[in-house]
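All residue numbers for the sequence shown refer to UniProt numbering, where the first residue is 1 and numbers rise by one.
Note that beta-carbon positions come from the ideal geometry of N, C-alpha and C, so glycine has one too.
Computed from a predicted model, the values in this text were never measured in an experiment.
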Amino acid sequence: MAKVTSASSSGTHLVSSDVHIVNGAVWQDTELGDDGELWVENGGTALNTLVDQGDLTISAGGLASGVTVTGDDDENGFLEAYGGLLEDATFTSTGWGIIEQGGTAHTVLLTDGGYIEVAGTVDDATLRGGSMRVDSGAIIRNVTLEQNGGMLIESGATVTGVTLGQGASFSLQSGATFTNVTVASGGSLDVDSIPADGVTIEEGGSLDFSALNWDDTATAQIVGDPILDVTAGGVTSSVTLDGEYTGEHFVLSSDGHGGTLATLEVDDGTPCYCAGTLITTDHGDIPVEALQIGDRVMTASGETRPIHWIGHRSYSGRFASRNPSVLPVIFTAGSLGNDLPRRDLWVSPLHAMFIDDVLIPAVLLVNGQTIRQAERVDRVQYFHVELESHDILLAEGAPAESFVDDSSRGMFHNAPEYAALYPDTQKKPARYCAPRVEEGVLLETIRNRLNQTDGPDNTEKSSGSRHLEGYLDAVTHTEIRGWARWSDSAEPVLLRILNNGICIGAIKADLTRQDVGMACGFRFIVPGGLSPHQRHMIDVQPLHGTGQLGHAPRGLEPVVETQTETRTTHPASPNSLHGWVDLVSRDRIAGWAYNPATPEVPAPLQIVVNGQLRASTVANGRRPDVLQAGQGPEGCGFDLLLLPPLSPLTRHTIEIRWAVNGSLLGAPTVLPQADSFDPDLEQAVKTAVSSAESLETQNHVLSFLLEQVDRLKQVRAETATDHTRMALNRQLTRRGCTEPVTPAPKALVIDSALPDGQRDAGSVAVLSHVRTLQTLGYQVTFVAADGMGTRAPFPVLDVMLCTLPFYNSVEEVLTRHANSYDVVYLHREHVASCYMTLVRQTQRRARVVYAVADLHHVRVARQAVIEGRPELLATARRLKASEYEMARKADVVLTHSLAEQNLLCRDVPSATVVHAPWAVRVRKRVPGFQKRTGIAFIGNFAHAPNVDAAHWLVDEIMPLVWKQAPDIICHLVGSAMPEEIRRLASDRVHIRGRIPDLSEVLDQVRLTVAPLRFGAGIKGKVLDSLAAGVPCVMTPVATEGLILPEALTKLVGTGNANLAQLIVRTHTNRNLFNQNSKAGQSYIRDQHSQQCVAQSLQMSLRATADTQKAG
1 MAKVTSASSS
11 GTHLVSSDVH
21 IVNGAVWQDT
31 ELGDDGELWV
41 ENGGTALNTL
51 VDQGDLTISA
61 GGLASGVTVT
71 GDDDENGFLE
81 AYGGLLEDAT
91 FTSTGWGIIE
101 QGGTAHTVLL
111 TDGGYIEVAG
121 TVDDATLRGG
131 SMRVDSGAII
141 RNVTLEQNGG
151 MLIESGATVT
161 GVTLGQGASF
171 SLQSGATFTN
181 VTVASGGSLD
191 VDSIPADGVT
201 IEEGGSLDFS
211 ALNWDDTATA
221 QIVGDPILDV
231 TAGGVTSSVT
241 LDGEYTGEHF
251 VLSSDGHGGT
261 LATLEVDDGT
271 PCYCAGTLIT
281 TDHGDIPVEA
291 LQIGDRVMTA
301 SGETRPIHWI
311 GHRSYSGRFA
321 SRNPSVLPVI
331 FTAGSLGNDL
341 PRRDLWVSPL
351 HAMFIDDVLI
361 PAVLLVNGQT
371 IRQAERVDRV
381 QYFHVELESH
391 DILLAEGAPA
401 ESFVDDSSRG
411 MFHNAPEYAA
421 LYPDTQKKPA
431 RYCAPRVEEG
441 VLLETIRNRL
451 NQTDGPDNTE
461 KSSGSRHLEG
471 YLDAVTHTEI
481 RGWARWSDSA
491 EPVLLRILNN
501 GICIGAIKAD
511 LTRQDVGMAC
521 GFRFIVPGGL
531 SPHQRHMIDV
541 QPLHGTGQLG
551 HAPRGLEPVV
561 ETQTETRTTH
571 PASPNSLHGW
581 VDLVSRDRIA
591 GWAYNPATPE
601 VPAPLQIVVN
611 GQLRASTVAN
621 GRRPDVLQAG
631 QGPEGCGFDL
641 LLLPPLSPLT
651 RHTIEIRWAV
661 NGSLLGAPTV
671 LPQADSFDPD
681 LEQAVKTAVS
691 SAESLETQNH
701 VLSFLLEQVD
711 RLKQVRAETA
721 TDHTRMALNR
731 QLTRRGCTEP
741 VTPAPKALVI
751 DSALPDGQRD
761 AGSVAVLSHV
771 RTLQTLGYQV
781 TFVAADGMGT
791 RAPFPVLDVM
801 LCTLPFYNSV
811 EEVLTRHANS
821 YDVVYLHREH
831 VASCYMTLVR
841 QTQRRARVVY
851 AVADLHHVRV
861 ARQAVIEGRP
871 ELLATARRLK
881 ASEYEMARKA
891 DVVLTHSLAE
901 QNLLCRDVPS
911 ATVVHAPWAV
921 RVRKRVPGFQ
931 KRTGIAFIGN
941 FAHAPNVDAA
951 HWLVDEIMPL
961 VWKQAPDIIC
971 HLVGSAMPEE
981 IRRLASDRVH
991 IRGRIPDLSE
1001 VLDQVRLTVA
1011 PLRFGAGIKG
1021 KVLDSLAAGV
1031 PCVMTPVATE
1041 GLILPEALTK
1051 LVGTGNANLA
1061 QLIVRTHTNR
1071 NLFNQNSKAG
1081 QSYIRDQHSQ
1091 QCVAQSLQMS
1101 LRATADTQKA
1111 G
């Protein structure tokens, strides 16, 4: 056994040997073969170790980073951590390990059969085909299970931050503690005997109630705040959910082991054809289940088109019978007219039929006779046919829609197949081939025609063709009188009174009229009276049937000319609607309403704006939530889009009235004039705040104001991210009112500070990338983690800058703008390590870009060697672990340096690393050699390598220069210059400090110097100098990552004498200056143009993953 205490090793292959490394020893690129054992003990470090059949042991004080544990069918590699730290570890192909109590692991990947047992602590683990057992006392933070990853949590263990992906399994024993669990599409969570507070279920995610014996009578219901109650066999189990589940439901099935599985599906379901439905193709009618991708189907226009994809799903008959959302709707032969369909047509409830040039969901056409919803079926098998674009197919000869992905593809059981077939498909807004009608007057008209009834205003059987007789005798501002009767009946006529088309009441014509000879008179007292300042057109109409009274309608002119009164009367009616107004805005009014006396008949509504009839509709839209809550029938919803929207420049009073008798649905809603927070209102608020003297009143006022502030901040965030506008566009598109709008992609850039192009190269780079994102079509938002209070404008136009008082932190930006961004750009390691996890949680569809600026661990490790500071090696190791961890977690890594790209590709092979320069503008005017003199070193002196370089230049290099050319002046230029650098000033060393316009210096000197002894990444001032046509004498560190042409490589030197000679030669040789000046500018044009930057960023951002869950 060897015990290595100080030596370093690289590329060692250990077989049948045992090595201990301690006390500062560093072993790199080690392979442990058969019986090879490596012990990493106090002070020892192992980097990039392959454990193939051998053993790796980590004890207290040891560090192992970049470990891969693997094996084969005969023998596997093994890792055991008793203490110390394991970073960036991969367990694969039967490789396994144990993290004992006291051991800690960061960033672990278990794949292809890799396995670990944990009794210590693990942060950030991904189980992709691997598995983990968590023992009592262990702590697991942030773990993702996907692609058949499995996890067993034993009693006494603690797990927080779990995401279960497709094919993953997650089982916990009683007594385990876990929080913040998300079940993604395809994932499953076993909740048997587990306190499941804080569980978020995404659509397609499942909860396995293994203790509930499955039977077809099982039910699921969302109640409370919210709580999922699942009942099977008379036993109920409950789980507290986290999130919003309005309008969604859980589908129940067997878990395959006798338990009950609850899977979240969208309430609207997915439109489909039942098995056996004949679809017309170019080869005749073929059952839908026999169709294949590529077959050509006939459309209603007579065109044949190829099938793009076919989705399918199925349910047991007993389950379907208890879940109307999946029970088929049956159109009997001929029920749609013109002998269509030719046979009975079975479709899912939300499948739209093409009637009168519009699409109507099947369930909205049910009449209980010729069109009905099945009550019992043996089994439901649904299929849907997708073409390249939405179209009308012929099903049993009847026109019906093809599939369109309106975020519902995930409902099909074979949805993963689509991603495999079309991996490069980008998500686009749904585009419909015809307007969808799901409520309102047109729907009721079509239903009445198919059902042979009279119309939306009916609340009882039509009066048929009988004749209405009568007269409107008198109209005043307070009273309306007359008489009405049916010509063939003594039954009193029910009448409704309309003012300017608005129903203000209803009355029965049953008063005695001796002049007519029967009880058929009416006298209506106007509640509140009619305004004398407004013109009124009064009409009286039968509530049922048709007909017109004599002398009606009748006008009532205004008494005096003054400003228009916008209020209408509010009739007091004993018969009123039940319902609720969910939303009133300038462009949309939504809610639900029905008449309790006749709940099966949709209620006609009038929308009155400022006393004028603006629109009429019928409350017949689907509201399954109302039915499930026991508040009313399902078909009672209304969702009216106001086109054009109401003007924001005026105040509006909006009333929703029952068209039968004018009664109001709720109180009128007042929409104030937009931007009406004027100085008078400000003063009123100040006065109210000042008047709050008691602690109780102050608490109340403060709570109210903070609540309003929070509400306004959220509204502002939704406005800024276009959420409100895009939601309206989706509704308008669905109804055929407009074309779908593809929103501009959005990018969020997060840095630690507001970039300053005169301060540091990192700022120049991020500003260049922001501009490039804009040229690629992105709307860019920027937030500075340490600059929330900044008042300075962003240096690039049209960038949204998130600062106080609108946002308090990066965390608030991410949460208020949840799922708003297509790209999140994290600049530098510190920012990425702080926010990567939250970005993944709040921006699930975003492509996460980690821009390294430079690899900090490389710079710090070199600094440790140059300055003789071994304590910096520990900092470098920590930085390396963090930088590599971020590289693994990001979707793409951007680096400006080709050298760093190669390093990352070698050390983090799983990362996607793209070389992305920043744009540097080439100077068009370059002053000649004779007009220049002196040299300059330019840098940000808050950066340690620049301070070291300045000392080296002045103290050791320039004295050698002055021996040959004593007249050369050295200029030190840059921001954040410390006093130790200022003390270097002399007759031949001029301290210039920060110069906003570097052309002042670059047009003066004959060359610049970059004498860097340590550092990392690309040096911005080198690029600036070359772009200005100024040659730059450099060390190898300064040129690292640059592919310089041969002429410029001759300016690279090492050591005091070599650099001094290069400085003197370049400063005194005119031809050499001209040659290098042209070579430098040519290099910048070739490698750092805007076009180069755009190509690199486009490469990194292409094929952005569409992680938005279907449904």
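> Expressed to the nearest angstrom, what Euclidean distance is found between the alpha-carbon atoms of SER690 and ALA784?
Replying inline: 35 angstroms
> With 16 as the cutoff for other CB atoms within 10 Å, does GLN541 come out buried or exposed?
Replying inline: buried
> In terms of residues, what are the limits of the beta strand (DSSP E) holding TRP96?
Replying inline: 96–99
>> Could you tell me the alpha carbon to alpha carbon distance between HIS20 and ILE99, rounded to whole angstroms?
In response: 19 angstroms
>> Can you tell me whether ILE1084 is helix, strand or coil according to DSSP?
In response: helix
> If you drop the 5 nearest sequence neighbours on each side, which residues of the same chain put their C-beta closer than 8 angstroms to that of ARG1102?
Replying inline: none
> Which stretch, first to last residue, makes up the alpha helix (DSSP H) that contains ASP907?
Replying inline: 898–907
>> If contacts are defined as beta-carbon pairs under 8 angstroms, then THR182 and VAL162 qualify, I think. What distance do you get, rounded to the angstrom?
In response: 7 angstroms
> Do you know offhand how far THR687's Cα is from ILE504's?
Replying inline: 41 angstroms
> What does a CB cutoff of less than 6 angstroms around SER573 pick up in its chain, not counting 5 residues either side in sequence?
Replying inline: In this predicted model, SER573 has a pLDDT of only 45, less than 50, meaning its place in the structure is not dependable enough to derive any value.
> In three-state terms, what does DSSP make of VAL1037?
Replying inline: helix
> Counting only runs that start and end within the stretch 90–143, where is the beta strand (DSSP E) found for 3 or more residues in a row?
Replying inline: 96–99, 104–111, 115–118, 121–128 and 131–134
> ARG1013 by DSSP, collapsed to three states: which one?
Replying inline: coil
> Do PHE383 and VAL288 have their C-beta atoms within less than 8 angstroms of each other?
Replying inline: yes
> Among residues of its own chain, excluding the 5 on either side of ALA1028, which ones have a beta-carbon nearer than 6 angstroms to its beta-carbon?
Replying inline: ARG923 and LEU1002
>> Please give me, in chain order, every unbroken run of the alpha helix (DSSP H) with length at least 4 that falls completely inside the stretch 905–963.
In response: Uninterrupted alpha helix (DSSP H) stretches at least 4 residues long and entirely within the stretch 905–963 occur at 944–952, given in chain order.
>> Taking its Cβ as the centre, do 16 or more other Cβ atoms sit within 10 Å of THR781, making it buried, or is it exposed?
In response: buried
>> Closer than 8 angstroms is the cut-off here; do at least three beta carbon pairs connect the stretch 827–846 with the stretch 872–890?
In response: yes
> Are the beta-carbon atoms of ASP88 and GLY71 separated by less than 8 angstroms?
Replying inline: no
> What are the uninterrupted segments assigned as beta strand (DSSP E) that are 3 or more residues long and contained completely in the stretch 229–308, given in chain order?
Replying inline: 235–240, 248–254, 260–266, 278–281, 284–287, 296–298 and 304–306
> How long is the line joining the alpha carbons of ARG988 and TRP952, rounded to whole angstroms?
Replying inline: 15 angstroms
> Would SER10 be called buried (16 or more neighbouring beta carbons within 10 Å of its own) or exposed?
Replying inline: exposed
> Does the Cβ of PHE704 have 16 or more other Cβ atoms within 10 Å, making it buried, or fewer, making it exposed?
Replying inline: exposed
>> To the nearest angstrom, how far is the alpha carbon of ALA876 from that of VAL947?
In response: 19 angstroms
> Excluding sequence positions up to five away, which residues of its chain have a Cβ less than 7 angstroms from the Cβ of ALA936?
Replying inline: The beta carbon of ALA936 is closer than 7 angstroms to those of HIS971, VAL973, VAL1001, VAL1005 and THR1008 in its chain, skipping five residues each way along the sequence.
>> Cutting at 6 angstroms between CB atoms, please list the residues of its own chain near GLY666, excluding the five before and the five after it.
In response: VAL581
> Closest to LEU776 by CA distance: which of MET411, ALA262 and MET1099 is it?
Replying inline: MET1099
> Hey, ARG523 and GLU479 are a contact pair by Cβ (cut 8 angstroms); roughly how many whole angstroms apart?
Replying inline: Confirmed, about 7 angstroms.
>> On the DSSP letters alone, give me the boundaries of the alpha helix (DSSP H) that PHE794 sits inside.
In response: That residue, PHE794, is in no alpha helix (DSSP H); it is neither H nor E in DSSP.
> Which value, in whole angstroms, describes the spacing of the CA atoms of GLY114 and THR92?
Replying inline: 4 angstroms
>> Relative to the C-alpha of MET411, which candidate in GLN514, ASP424, ALA430 and THR263 has its C-alpha closest?
In response: Closest by C-alpha distance to MET411, out of GLN514, ASP424, ALA430 and THR263, is THR263.
>> The beta strand (DSSP E) that contains VAL26, what's its start and end?
In response: 26–32
> Going straight from the alpha carbon of LEU32 to that of HIS856, what length do you get?
Replying inline: 29 angstroms
> Residues in its own chain within less than 8 angstroms of LEU1072 by CB, not counting five upstream and five downstream?
Replying inline: PRO1031, ARG1065 and THR1066
> Anyone know if the C-beta pair for VAL385 and VAL326 falls short of 8 angstroms?
Replying inline: no
> What distance in whole Å lies between the Cβ atoms of THR837 and ASN142, which are believed to be in contact at a cut-off of 8 angstroms?
Replying inline: 6 angstroms
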